[in-house]
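Chains as they are written, first to last, in the working numbering: chain A, 3 to 124; chain B, 136 to 309. These notes concern the structure reproduced below.
The structure is reproduced here in structure tokens:
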């Protein structure tokens, strides 16, 4: 009898801890996703920072999607389909953003060349 | 000689940067609605304001004509401004209009429609705003024109005006 009680107690504690861990993981996921989303009606703020009606609904939507088993990428692609590339802070490489991604690389290479030249001259 | 050359390069770079920033200033930096047409999911359900039933949004669209989705709230003043246009589209042109009542109180919503008239074939409620986000909304009022293939083909952000009204009629009458 005592053994059964112990097993039941163990299962209850395990279930509770597992639920807490899962909830925490989901919370971290929701926070991470909402930090990478732009609030469209309060520009300059992320969905995570904003307390606007739009941002509150968006957080709820992300929570629902994560609870239904959607991955981070699936949430982004769903929102990009509805609102376009502008909603995410991390833009994809495409013909509109090629300069954005390319210029830092070009500048980096240019700087490297300058340093090499200086070193060689010395 | 070399110093002069460097000076010219630096001045050129300053000018180029200046003109890039100047062009950037003129560029519209506000969010513009996504123009890509997307199909509304078949699984999207909302509760009816009058019957309390859960309805599939796609079931309310006409198979042989356009449908207008209007997101509104009784607390939203611009919604009152655009209401006559919706009444006109519904009464004079028999357009199928579905209303989505956004973050509102049921009684206030019913009172609003009783006072100003009801242009909607069906009024659905979205208490937490999540369903509107699934449609790509950013607030109220917003109006979407949906074609026979259940695709959003035009979005109007903010209250409808005479130009929007004419634009809707031009598309619908084609």
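Even glycine gets a Cβ: it sits at the ideal position worked out from N, Cα and C.
Residue environment, residue i, which counts as buried when at least 16 other CB atoms sit within 10 Å
i             : result
residue 239/B : buried
residue 220/B : buried
residue 60/A  : buried
residue 247/B : buried
residue 67/A  : buried
residue 278/B : buried
residue 93/A  : exposed
residue 214/B : buried
residue 71/A  : exposed
residue 203/B : buried
residue 205/B : buried
residue 77/A  : buried
residue 24/A  : exposed
residue 22/A  : exposed
Alpha-carbon to alpha-carbon, residue j and residue i
i             : j             : result
residue 262/B : residue 35/A  : 23 Å
residue 289/B : residue 227/B : 21 Å
residue 45/A  : residue 88/A  : 11 Å
residue 305/B : residue 245/B : 31 Å
residue 42/A  : residue 30/A  : 22 Å
residue 249/B : residue 212/B : 16 Å
residue 100/A : residue 109/A : 14 Å
residue 293/B : residue 84/A  : 17 Å
residue 112/A : residue 158/B : 25 Å
residue 152/B : residue 103/A : 18 Å
residue 107/A : residue 118/A : 16 Å
residue 4/A   : residue 15/A  : 16 Å
residue 243/B : residue 234/B : 15 Å
residue 298/B : residue 231/B : 20 Å
residue 139/B : residue 145/B : 10 Å
residue 51/A  : residue 195/B : 37 Å
residue 10/A  : residue 28/A  : 27 Å
residue 241/B : residue 258/B : 11 Å
residue 266/B : residue 149/B : 49 Å
residue 155/B : residue 19/A  : 56 Å
residue 252/B : residue 222/B : 7 Å
residue 147/B : residue 47/A  : 35 Å
residue 32/A  : residue 55/A  : 17 Å
residue 216/B : residue 296/B : 9 Å
residue 229/B : residue 307/B : 11 Å
residue 183/B : residue 79/A  : 29 Å
residue 186/B : residue 218/B : 23 Å
residue 282/B : residue 224/B : 16 Å
residue 40/A  : residue 123/A : 48 Å
residue 58/A  : residue 271/B : 15 Å
Bridge partner(s) assigned by DSSP for residue i
i             : result
residue 140/B : Residue 140/B is not bridged to any residue.
residue 183/B : 259/B
residue 205/B : 234/B and 278/B
residue 190/B : 181/B
residue 287/B : 173/B and 281/B
residue 292/B : 277/B
Below-9 Å beta-carbon distance, residue i vs any chain E residue
i             : result
residue 209/B : This model lacks chain E altogether; the protein chains it does include are A and B.
Problem set entry | Secondary structure, alpha helix (DSSP H): runs of 4+ residues fully inside the region 5–92 of chain A | Counting whole runs of 4 or more residues, the region 5–92 of chain A contains the alpha helix (DSSP H) stretches 55–69 and 74–85.
Exercise. Any residues in the region 258–275 of chain B with a beta carbon nearer than 8 Å to a beta carbon of chain A? Which ones, in chain order?
Worked result: The residues in question are 263, 264, 265, 267, 268, 269, 270, 271, 273 and 274.
Exercise. Mind listing which residues of the region 6–31 of chain A have their C-beta closer than 7 Å to chain B's C-betas, in chain order?
Worked result: For the region 6–31 of chain A, the set of residues with a beta-carbon nearer than 7 Å to any beta-carbon of chain B is empty.
For this session: Below 9 Å between beta carbons is the criterion; list the residues of the region 96–116 of chain A that meet it against any residue of chain B, in chain order.
Result: Here the close residues number zero.
Exercise. Just by C-beta distance, which residues in the region 221–242 of chain B are closer than 8 Å to chain A?
Worked result: The region 221–242 of chain B vs chain A, Cβ under 8 Å: 238.
For this session: Could you name the residues of the region 48–68 of chain A whose beta carbon sits closer than 9 Å to any beta carbon of chain B, in the order they occur along the chain?
Result: Contact residues of the region 48–68 of chain A toward chain B are 54, 55, 56, 58, 59, 60, 62, 63 and 66 (C-beta to C-beta distance below 9 Å).
Problem set entry | Residues in the region 34–48 of chain A having any Cβ partner in chain B nearer than 9 Å | Per Cβ criterion, the list reads 40, 42, 43 and 45.
Problem set entry | Selection of the region 69–94 of chain A by Cβ proximity to chain B, strictly under 7 Å | Those would be 83, 84, 85, 86 and 88, in chain order.
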